[in-house]
Structure formats: C-alpha cells, structure tokens
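Encoded as structure tokens, the structure appears first; notes follow it.
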Amino acid sequence: MEASTVAKVLVEKYIAYFGAPDYLHSDQGRSFEASVVLEMCRLFGIKKTRSSPYHPQGNGQAERFNRTLLDMLSIMVDGNPGQWDDMLPFVMLAYNSSVHEST
C-alpha cells in the first residue's frame, strides 16, 4: 500500500470521525515510515511509535487481533473468498459487539 493511501485513509476514515490519536503505533513498514505519514503525524500532533523489526511478539495484542479477524473472516466467506471485503463490516460489528477477556 502506498504511503499516500495510508495517510489519506487515516485522515478521512479515522481522524475525521474520531479525532487525532495521541499515538500511532506501527511496524517499520515503508508505508508507515514515509515522509507523508510522518508529516501527517507532525501536523496532527501524533507521536509515532514503532514495533521492533522482525519481532511480532512485541506487538502481541495486535497480532492476536489479526489472527481473530482472519479466523472470523474465513468463516464468513467460506467457499467464496472473493467477497471478504463485503463481509468485513459484518465481521467488525460481530467483533466489536463481543465480550472480550481483556475488557
């Protein structure tokens, strides 16, 4: 994904609705380290933090969520994987409506 796309989605889909976060934590992927994303962080006063490279365990909560999301999506699109993006809002609704041990 292009860095400009990352910045655009963050601004239009998250910051516009929920306001700027205090922190943006990401891996060290090029899309999140590009100047356009760093400038967006500067403009909105967002502190940028990073995971250690090649150490996904350092971001365990996000890795666990990714696994859960993939499991839920695979159930929803069983036999029709080309429609995962159509099912994503329903999967997110189900996830956000569920009781979680961490909360």
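When the letters of the sequence shown are read in order and numbered with our numbering, they come out as residues -8 to 94.
Cβ coordinates follow ideal geometry from the N, Cα and C atoms, glycine included.
Distance, PHE23 Cα to VAL36 Cα:
Here residue 36 refers to the residue found at position 45 when the sequence shown is read from its first residue. Here residue 23 refers to the residue found at position 32 when the sequence shown is read from its first residue. Looking at the sequence provided, one finds Gly at residue 36 rather than Val. In a straight line, the C-alpha of GLY36 is about 16 Å away from that of PHE23.
Does DSSP classify SER17 as helix, strand or coil?
Stepping through the sequence shown from its first residue, residue 17 is reached at position 26. Strand.
Have a look at ALA7 and LYS(-1) and give me their C-alpha separation to the nearest angstrom.
In the sequence shown, the residue the question calls residue 7 occupies position 16. In the sequence shown, the residue the question calls residue -1 occupies position 8. Going by the C-alpha atoms only, they are around 11 Å apart.
Separation of LEU34 from ALA(-6), as counted between CA atoms
Counted from its first residue, the sequence shown places residue -6 at position 3. Counted from its first residue, the sequence shown places residue 34 at position 43. If I take the Cα positions, the gap works out to 16 Å.
So, is LEU64 buried or exposed, given that buried needs 16 or more other C-beta atoms within 10 angstroms?
Translated into positions along the sequence shown, residue 64 becomes position 73. LEU64 is buried by the Cβ-count criterion.
Close beta carbons around ALA25, own chain, < 6 Å, minus the five adjacent residues each side:
Residue 25 sits at position 34 when you count from the first residue of the sequence shown. Hits under 6 Å: ALA(-6).
Spatial neighbours of GLN74 within its chain, please: CB distance less than 8 Å, with the 5 preceding and 5 following residues excluded, ordered by chain position.
Along the sequence shown, one-based indexing puts residue 74 at 83. A distance below 8 Å between beta-carbons, with the five flanking residues on each side excluded, links GLN74 to the following residues of its chain, in chain order: VAL68.
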